[in-house]
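Participant: Residue 223 in our numbering sits at position 197 of the sequence shown, and the numbers go up by one each step.
A virtual CB, placed ideally from N, CA and C, is assigned to each residue, including glycine.
Got a structure for you, questions after.
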Amino acid sequence: MGKYGLITMQLPPLGTNCYLLIDTDSHQAAVIDPAGDAGRILREAEQAGAEICMIIDTHGHWDHIGANAELAEVTGAPILIHELDAPMLTDASLSLARNFGGNGVGGKATRLLHDGDQIALGKLCLHVLHTPGHTPGGICLLCEDLLFCGDTLFRLSCGRCDLPGGDEAAMRASLAHLAALPGDRLALPGHGPSTRLDDERRQNPYMPRG
Ligand SMILES: [Zn+2]
Ligand SMILES: [Zn+2]
Numbered sequence: 027m028g029k030y031g032l033i034t035m036q037l038p039p040l041g042t043n044c045y046l047l048i049d050t051d052s053h054q055a056a057v058i059d060p061a062g063d064a065g066r067i068l069r070e071a072e073q074a075g076a077e078i079c080m081i082i083d084t085h086g087h088w089d090h091i092g093a094n095a096e097l098a099e100v101t102g103a104p105i106l107i108h109e110l111d112a113p114m115l116t117d118a119s120l121s122l123a124r125n126f127g128g129n130g131v132g133g134k135a136t137r138l139l140h141d142g143d144q145i146a147l148g149k150l151c152l153h154v155l156h157t158p159g160h161t162p163g164g165i166c167l168l169c170e171d172l173l174f175c176g177d178t179l180f181r182l183s184c185g186r187c188d189l190p191g192g193d194e195a196a197m198r199a200s201l202a203h204l205a206a207l208p209g210d211r212l213a214l215p216g217h218g219p220s221t222r223l224d225d226e227r228r229q230n231p232y233m234p235r236g
């Protein structure tokens, strides 16, 4: 079992949760959902002695991708996103940035992800779960006892399905997929507080009961 460090930052413009996952052995780090403050992310990585080796977007919305381009440029790290959300990185309408007055560019995808992919981060392995519903190419990531759940699962709630590309039936299936994962996990959503998967199985009204 690998050892990890985890740093959580709430970044502008919407207080999106950005996670820095660090492999303790190699000091290699993945930035998950770099919202709009590359400087802060770089400082946190430097203070932790971590080297940013990859940028992973749980989905292509503007409030999760704002620092993609700058981080990729400064660190040389690749940008990973599910194939179906990759077009959102370069289209300010698809990323919804245009609706909110941002420019919305999020760099360019370097590696396209698919359900079941495994991403090596030093001795850690991140498993990709395709969880559409909020967006067509939304993903969750499993690593050790962690579940990075993007805008799919929130504490006692779930992501919106009424935005372009949203799909309620797909969201129900994705939440059923998460409910069926083995074991309890620390669930780390794109917005709001972290939670436990077991608590969500019991209390989240959107989570299908087995
Ligand atoms: Zn979103
Ligand atoms: Zn979001």
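Could you pull the start and end residues of the beta strand (DSSP E) that V100 belongs to?
Facilitator: V100 -> not in any beta strand (DSSP E); alpha helix (DSSP H) instead, spanning 94-101.
Participant: Taking any heavy atom of ligand 2 as the mark, which residues have a C-beta closer than 6 Å to it, listed down the chain?
Facilitator: This criterion selects T42, H87, D89, H90, D177, G216, H217.
Participant: Roughly how many whole angstroms lie between the Cα atoms of C187 and H160?
Facilitator: Straight-line Cα distance between these residues: approximately 5 Å.
Participant: Once DSSP output is grouped into helix, strand and coil, what is the label at D49?
Facilitator: Three-state result, D49: strand.
Participant: Give the DSSP bridge partners of Q144, in chain order.
Facilitator: DSSP output for Q144 lists H153 as bridge partner(s).
Participant: If you drop the 5 nearest sequence neighbours on each side, which residues of the same chain put their C-beta closer than 6 Å to that of A64?
Facilitator: A93, E96, L97.
Participant: Whole-angstrom Cβ separation of T42 and G176, contact assumed at under 8 Å?
Facilitator: Not really, about 10 Å apart at Cβ, beyond 8 Å.
Participant: I'd like to confirm something about G132: is its beta-carbon nearer than 7 Å to some heavy atom of ligand 1, or not?
Facilitator: Because no heavy atom of ligand 1 lies under 7 Å away, the Cβ of G132 does not count as near it: no.
Participant: Ordered along the chain, which non-local residues of its own chain (more than five positions away) have a Cβ less than 6 Å from that of I145?
Facilitator: For I145, where only same-chain residues beyond five positions count, the Cβ hits under 6 Å are L152.
Participant: Considering just the uninterrupted stretch of the beta strand (DSSP E) at E77, what are its terminal residues?
Facilitator: Residues 77-82.
Participant: Examine ligand 1 and report whether any of its heavy atoms sits within less than 7 Å of the Cβ of H140.
Facilitator: Flag unset: Cβ of H140 not near ligand 1.
Participant: Taking buried to mean at least 16 other C-beta atoms within 10 Å of its own C-beta, is H140 buried or exposed?
Facilitator: Exposed.
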